[in-house]
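For the sequence shown, our numbering assigns the number 173 to the initial residue and increments by one for each residue that follows.
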Amino acid sequence: MAKMSRRTFLSRVTTTMVGGIGALMGIPTVAYLVSPAKARGGLGVDAIPLGPAAKVPVGEPTLFKAAIERKTGWVTQTEELAFYIFTEDGRNFTAMSNVCTHLGCRVRWVDGDEQFFCPCHAAVFNKNGTVASGPPPRALDQYEISVEDEQLFIVGKVEA
Ligand code: FES
């Protein structure tokens with residue numbers, strides 16, 4: 173076996189340690205970058221369960237709340253989400269975010285006016301989520317929804 177000089181030995185040990193530290197630091201970084209892309213429909217999770225479809229009266233947007241956990245590296249955060257679910261026939265459903273597209277305040281549905289209102293800067297959205305008046309630059313975000321065993325699930329985001 174060839175004898176190794178002290179300088180060569182220290183150089184190899186240092187290179188190995190730096191490489192190991194780099195690999196350990198790189199794993200969470202890669203996981204952070206790749207994991208949202210793996211999830212379905214740009215939600216960051218596979219599906220978001222909302223509850224029974226029977227809770228949605230025909231013709232009236234109904235607010236459903238859900239909590240999802242997002243894992244980023246070692247950190248897990250719980251995020252509260254809310255969606256307005258709407259149906260005209262009790263079989264086909266649409267889902268909209270309740271987050272105003274202006275600066276992110278929560279919109280609320282007003283039955284008598286048949287519109288969504290944002291309290292922050294007085295925006296008004298139509299029943300289908302399009303902007304009726306005010307500063308929002310675009311309609312409320314839309315989501316794909318599925319019904320399985322009469323339960324509603326958000327399964328993806330509709331790209332504008
Ligand atoms: S945040 Fe809704 S109108 Fe400004």
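C-beta: ideal position from N, C-alpha, C; glycine also.
Buried or exposed by the 16-neighbour rule on C-beta atoms within 10 Å, applied to residue i
| i | result |
| --- | --- |
| I317 | buried |
| A195 | exposed |
| A226 | exposed |
| M268 | buried |
| N270 | buried |
| V190 | exposed |
| F297 | buried |
| F236 | buried |
| F181 | exposed |
Heavy atom of the ligand FES within 7 Å of residue i beta-carbon
| i | result |
| --- | --- |
| A295 | yes |
| T276 | Inspection of the sequence shows that residue 276 is occupied by Gly rather than by Thr. Yes; taking the cut-off as 7 Å, the Cβ of G276 has a heavy atom of the ligand FES nearer than that. |
| P307 | yes |
Proximity of residue i and residue j at Cβ, strictly below 8 Å
| i | j | result |
| --- | --- | --- |
| H274 | P233 | no |
| V230 | T259 | yes |
| V158 | C272 | Residue 158 is absent from the model: the chain starts at 173 and stops at 332. |
| I326 | A219 | yes |
| G328 | L312 | no |
| Q323 | G262 | no |
| V217 | I257 | no |
Simplified DSSP assignment, three categories, for residue i
| i | result |
| --- | --- |
| A304 | strand |
| S183 | helix |
Inside the stretch 239-296 only - beta strand (DSSP E) runs reaching at least 3 residues: 247-259, 265-269, 280-282, 287-289
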